[in-house]
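Number 21 in full-length UniProt numbering belongs to position 21 of the sequence shown; there are no gaps in the numbering. The beta-carbon is built from N, C-alpha and C at its ideal position, and this holds for glycine as well.
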Amino acid sequence: MIITHLSKCNDCYKGLIFFKKMMSCCVLPNEYTFSAVLPICGGIGVVCNGEQVHCLILKHGFVLDLFVGNALVGMYGKCGDMRLAMKVFDEMPERNLVSWNSMINGFLWNKMYGDAVGVFKEVVGVKCVGMNEVAFSSVLSACGNLGGLDIGRQVHGFVLKYGLVSLGYVKNSVMDMYVKCGFLEDANKLFRTIEDRDVGMWNVIAMGCVQKGNFGEACKFFWDMRCEGISPDEASFSTVLHAAASIAALEQGSMVHNQVIKTGFGCNLRTVNSLIKMYAKCGCLADAHRVFDECEGKNEVTWTTMISAFQQHGCAYEAIELFKNMLDEGIKPCYFTFVSVLSACSHTGRVDEGFYYFNAMSEQHNVNPGLEHYGCMVDLLSRAGRLGEAKNFAQSMPIEPVAAVWGALLGACNRFGNLEMGVEVAKRLFEIEPDNPVNYVLLSNIYTRNGRVKEASESYCFFPENFEMGIIVRNIKRFHHFQKGLRSCRDDW
């Protein structure tokens, strides 16, 4: 009873401890015990715990029990081992709808969306197994993530056939599928036909507008929802604040802030983080800082959002000081925290401090550096004029440098007039992103700074012949138009 209660309350670690105590007291488990403890193992997500329980199931002879088999499939899915989940599923002497749903949800959990759809197609062919709303919602989510509109429409047809379209979360799943597949108009049509719209439906359609870049429309949906007397939740506020931030709609954002306070979400961390980001993107750093200061129980996202806000507003010193305060408070920094901190070090010329934080990422904070961090370090060395070190750092990266990394170095070559390295780096960039005109302009500028006027003019002729965009450059003599590898004049500069 205790283990079952802890399983339902998602108190996984305590539930596992009770199970181990039970076994140490020589109390024999039954099928109900195993059905309760397996979701606990799945909740922890460590497959070895589940495998030990699986061994006990074999030992005590419950492997053929339908409920235990379903729980095993679910546990292996949650632990990320779909190979073992499929093995258990295939060996089950009988299966019910829960068995099939467990497989679909396992693939969904592990982002194996095509396999989830494949299982759904199988279950449709099994006549003795009826479909329910759980199966439809799961496969619709898989279709949305796959962008599989055709199969999504077929599933929508099944929903209508089985008479499940009246269920709220099934409607949400259908709308969400259309949104993720990029068919916002279809989602909107369905939305308009629903009379008893709940907050989840409003959130889905607003999120769809945000994904399509219709930020003003997303804000309108929020206010329409309020006019209908629907209370927003944290997803509503997160979506509308993101929309307001994206178009720097400060007035909209401030009005939403009033709603946050009015509806009692002022202490909700996700909402607070969205408010900080909104004010920062609208250019109101002081308001962002005020929201940050008034927040109690800040998490790593709250600190990182404020550090990023300082860095983006050119307040690099304040960003670094806030990062130090974050560490003093015992808050563990994340991947994105270090992107902002290293960028701040780069913009203030703090080379040694930047390298200290870069090395501390993995050594002290268990955060593995990614492309953004390596890019910041190349930019840090480049801005400091240490171009040779920057180039060596880029070449020694354990990850293949992307265009942004070489672009930072090319910009520094232009700034410091390093012709030899500039030509070498530009050639790399021409291979990586041949259609980016900025690289050709920078190379031309480097030639010009070094008095190589003829080469500066000829550098634009490296444009690929199928390059559609044109560039107009002005010098002392006239305007020059470069397009499709050709220039409008034959004179040198």
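Is the distance from the Cβ of residue 103 to the Cβ of residue 68 below 9 Å? no
Going by Cα to Cα distance, which pick from 199, 40, 152 is closest to residue 168? Among 199, 40, 152, the Cα nearest to that of residue 168 belongs to 199.
What does a CB cutoff of less than 7 Å around residue 560 pick up in its chain, not counting 5 residues either side in sequence? Residue 560 lies beyond the range of the chain shown here (1 to 493); nothing can be said about it.
Pull up the distance between the alpha-carbon of residue 268 and that of residue 242, whole angstroms please. Cα to Cα, residue 268 sits roughly 16 Å from residue 242.
Just to confirm before moving on: does the CB-CB distance between residue 429 and residue 446 stay below 9 Å? no
Give the secondary structure of residue 142 by DSSP, where H, G and I count as helix, E and B as strand, and everything else as coil. helix
Residue 55 classed as buried or exposed, judged by whether at least 16 other C-beta atoms fall within 10 angstroms: Exposed: under 16 other Cβ atoms inside 10 Å.
On the three-state DSSP scale, how would you describe residue 162? coil
Out of curiosity, what's the CA-to-CA distance linking residue 386 and residue 192? Put simply, the backbone Cα of residue 386 is about 60 Å away from that of residue 192.
When DSSP labels each residue in this structure, what does residue 297 get in the three-state scheme? Three-state result, residue 297: coil.
Residue environment, residue 374, which counts as buried when at least 16 other CB atoms sit within 10 Å: buried
Is residue 265 helix, strand or coil by DSSP? coil
Note down, in chain order, each residue of its chain lying with its Cβ closer than 6 Å to the Cβ of residue 215, except the 5 sequence neighbours on either side. Excluding sequence neighbours, residue 215 sits near 243, 246, 247.
If you draw a straight line from the alpha carbon of residue 339 to that of residue 405, how long is it in whole angstroms? 14 Å
Can you tell me whether residue 30 is buried or exposed? The criterion is at least 16 other CB atoms within 10 Å of its CB, across all chains shown. exposed
Hey, how far is the Cα of residue 422 from the Cα of residue 346? Put simply, the backbone Cα of residue 422 is about 20 Å away from that of residue 346.
For residue 520, which option in 226, 227, 330, 183 has the closest C-alpha, if you only look at C-alpha atoms? Absent from the model: residue 520. The displayed extent of the chain is 1 to 493, so no value can be given.
Are the Cβ atoms of residue 409 and residue 441 separated by less than 9 Å? no
Expressed to the nearest angstrom, what Euclidean distance is found between the alpha-carbon atoms of residue 495 and residue 131? The question about residue 495 has no answer, for the chain in this structure spans 1 to 493.
Quick check: is the beta carbon of residue 258 nearer than 9 Å to any beta carbon in chain C? In the structure shown, chain C cannot be found, because there is only a single protein chain.
Could you have a look at residue 224 and say whether DSSP puts it in helix, strand or coil? helix
Label residue 492 either buried or exposed according to how many other C-beta atoms from any shown protein chain fall within 10 Å of its C-beta, with 16 as the threshold for buried. Below a pLDDT of 50, predicted positions are generally treated as unreliable, and residue 492, at 49, falls in that range; the measurement from the model is reported next regardless. Residue 492 comes out exposed.
Own chain, CB closer than 8 Å to residue 44, minus 5 neighbours either side, in chain order: 12, 13, 16
Considering only C-alpha positions, which residue in the set 96, 453, 314, 235 is nearest to residue 281? 314
If I'm right that residue 348 touches residue 317 with Cβ under 8 Å, what's the distance once you round it to whole angstroms? 6 Å
Look up residue 111 in the DSSP assignment and say whether it is helix, strand or coil. coil
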